[in-house]
Amino acid sequence: FVFRYQDVETPYGRTHDYQSFSELEAVLGFRLAKPSGQEADSLYLEARPGSGLYSVTASFGEDSPIAGYQAYLVRDSEESYGYPHSISQDWERLEEKELGGRQAVLYQIEGGAAYGAAFSENGILYVMAAKEGVALEEWEEILAGMTYRR
């Protein structure tokens, strides 16, 4: 996956909870791919100390099939070189598939009880996980329906 550097000068951290993707996007100045028809219960922009790697973390309601959503972007090229990141050592790669016009890598997690996915769009790496019990076909439909506007 390829990161593109973004100019991020906005409040971040667990002390600042954005109210919606629209609010965060307005502050960031660019759009994020997000699950269609899903409103985030909590939405944070975070950065690890001493790193140029930022992540957007969203959680959704109990009725949502999405267990986790993270979008990673790099703020500063000088700070980010050599910074390692792995999706998860517990995820088993299933296949790469075109879903909704983007190439996504599908994963099986938790011994087959749930699925995950990763894809890159506009230089941002997205990593998502489905809740336990969500069928692979349903998960693929959710991924294919991810919205993004330039």
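The numbers in this note's numbering rise by one with no breaks, and the one at position 145 of the sequence shown is 150.
For glycine and all other residues, C-beta sits at the position ideal for the given N, C-alpha and C.
Short Cβ contact (9 Å threshold) for residue i with residue j
i, j, result
"GLY42", "GLY105", "no"
"ASP68", "LEU48", "no"
"ILE114", "ALA140", "no"
Reference residue i, options the options, closest by Cα
i, options, result
"LEU78", "PRO40, SER125, VAL110", "SER125"
"GLY116", "TYR59, LEU99, GLU103, ILE147", "LEU99"
"PRO40", "GLY57, GLY138, SER27, LEU50", "SER27"
"GLN75", "TYR59, TRP96, VAL139, ASP68", "TYR59"
"TRP96", "LYS102, ALA45, GLN108, TYR112", "TYR112"
"GLU101", "THR152, ALA123, LEU29", "ALA123"
"ALA38", "VAL61, VAL110, GLY57", "VAL61"
"GLU142", "VAL132, THR152, ILE129, ALA119", "ALA119"
"GLY128", "ARG107, LEU148, GLY138", "ARG107"
Alpha-carbon spacing of residue i relative to residue j, whole angstroms
i, j, result
"PHE65", "GLY121", "15 Å"
"ALA4", "PHE35", "Residue numbering for the chain in the displayed model covers 6 to 155; residue 4 lies beyond these limits and cannot be assessed."
"TRP144", "ALA63", "17 Å"
"LYS136", "ASP46", "16 Å"
"ALA52", "GLU146", "30 Å"
Cβ-heavy atom distance, residue i to the ligand SAH, below 8 Å
i, result
"GLY42", "Here there are no bound small molecules, and the ligand SAH is not part of this structure."
Beta-ladder partner(s) of residue i, from DSSP
i, result
"ALA114", "For clarity, residue 114 is Ile in the given sequence; the question names Ala instead. Partner(s): ALA119."
"LYS102", "ALA109"
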